[in-house]
Amino acid sequence: MYRLKYFVENQAFGVCTRLGEKFKISTSSIRLYFIYTSFLTLGSPIIIYLILAFWMNIRRYLRQRNNPSVWDI
């Protein structure tokens, strides 16, 4: 069970974790609200989640390109 929890928290884009850090709200409560709204609205927040995950990955990629390390040159 611990391995599954570790995989989900660290490999599933980190959108809920990032939102929790930004708004200073517990990550577990954000995940819980996300699950509840997904069931109530028949999965439409999943689209929002994927858009946020894509946006976060693009930002990380652009930051790495703007600040190259010694090994990238």
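The sequence shown begins at 248 in the working numbering and counts up by one.
A virtual CB, placed ideally from N, CA and C, is assigned to each residue, including glycine.
For the pair arginine 312 and phenylalanine 270, the Cα-to-Cα distance works out to about 27 Å. Rounded to whole angstroms, the gap between the alpha carbons of threonine 264 and serine 276 is 10 Å.
DSSP, reduced to helix, strand and coil, places methionine 303 within a helical segment of the structure shown.
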